[in-house]
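K.L.:
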Ligand code: SF4
Ligand code: MG
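Numbering (the numbering used here), first residue to last: -16 to 292.
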């Protein structure tokens, strides 16, 4: 009988007190538990950064890879063993800086896995430099001057790249994040969950208080659930190009809403053939038995030689 504690490890956690990463870690563990995914059927991949430590804290298979390289390795694992539930985690610097090429290339493939980005606008592990998601003109406390380059929009980039599930959540709303993660994991295809994450040590602008709207005259929380406004990001007919384009463009438009009000939730969701489906079209045995379980050494290659002779 699985319990939530089965997804926890005894590894010492050295994240700063109050870090939003703790909320994301809890949500990941709760999502896996509530989906009844047995730990030995799950693999978590990370890059480098504070978030890179996550696989050490979740009792599943895990791989702490290189800077910006979690996605190709997660892709390889999923393609080799399609029975695995694959989750990649990483920071905004890891994923949208050095890993940006992989981020785009992975979306184009639509491999069935989930990518969770711990998005705090800074490179926390290396003392708070501006990351690719920090908006132009902002200066966090360890920067000498405001950033002079534009921040990227992860949701709009993901939709353009081909991710078929694109969502945003908040590290300190564990219940919401857990539900978004469950939907992302259940989705067949590449899912991006961009998690707004507080870094109390280095990001003194996008703080817990800022997200709760304490600086606003209204004192109303900045974050609101996008579906509460009647927004529906799910494509009903994937073969209808007009509907697909309309859903993509409404999602991109709403993803740029950033100020006194910031939407969270599922921005875009579509069911399209996965990379695994495309491989299986060429190699029918691929879907029947995962590559890692196929007997690759005793294959009869005579037909191949006959074809070449
Ligand atoms: Fe969290 Fe920031 Fe500390 Fe890293 S530096 S553990 S992101 S609070
Ligand atoms: Mg970061």
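All residues carry an ideal CB built from backbone N, CA and C; glycine is no exception.
Is the Cβ-Cβ distance between residue 72 and residue 48 less than 8 Å?
P.N.:
Their beta carbons are not under 8 Å apart, which means residue 72 does not touch residue 48 by this criterion.
K.L.:
With ligand 2 as the reference, list in chain order each residue whose Cβ lies under 5 Å from any of its heavy atoms.
P.N.:
Those satisfying the condition are, in chain order, 74, 75, 76, 103 and 114.
K.L.:
Is any heavy atom in ligand 1 found nearer than 7 Å to the beta carbon of residue 107?
P.N.:
Answer for residue 107: yes, Cβ within range of ligand 1.
K.L.:
Using CA coordinates, which residue listed in 84, 77, 81 and 174 is at the minimum distance from residue 93?
P.N.:
The shortest Cα separation from residue 93 among 84, 77, 81 and 174 belongs to 174.
K.L.:
Does the beta-carbon distance from residue 225 to residue 185 come in below 8 Å?
P.N.:
No; because the gap between Cβ atoms is not below 8 Å, this pair is not in contact.
K.L.:
Do the CB positions of residue 160 and residue 153 come within less than 8 Å of each other?
P.N.:
Yes.
K.L.:
Looking at the strands, I want to know which residues DSSP matches up with residue 47.
P.N.:
Beta-bridge pairing links residue 47 to 29.
K.L.:
According to DSSP, is residue 59 part of a helix, a strand, or is it coil?
P.N.:
Helix, per DSSP.
K.L.:
What do you reckon, is the C-beta of residue 194 under 7 Å from a heavy atom of ligand 1?
P.N.:
The answer is no for residue 194.
K.L.:
Can you list the beta strand (DSSP E) stretches of 3 or more residues lying completely in the segment 173 to 208, in chain order?
P.N.:
The segment 173 to 208 contains these whole beta strand (DSSP E) runs: 173 to 179 and 206 to 208.
K.L.:
In the structure shown, what three-state DSSP assignment does residue 7 receive?
P.N.:
In the structure shown, residue 7 sits in a helix (DSSP, three-state: H, G or I).
K.L.:
Could you check whether the Cβ of residue 183 sits closer than 7 Å to any heavy atom belonging to ligand 1?
P.N.:
Result yes, Cβ under 7 Å from ligand 1.
K.L.:
Can residue 138 and residue 129 be called in contact, C-beta distance under 8 Å?
P.N.:
No, the Cβ-Cβ distance between residue 138 and residue 129 is not below 8 Å.
K.L.:
Please go through the segment 121 to 155 and give each complete alpha helix (DSSP H) segment of 4 or more residues, from N-terminal end onward.
P.N.:
Counting whole runs of 4 or more residues, the segment 121 to 155 contains the alpha helix (DSSP H) stretches 137 to 144.
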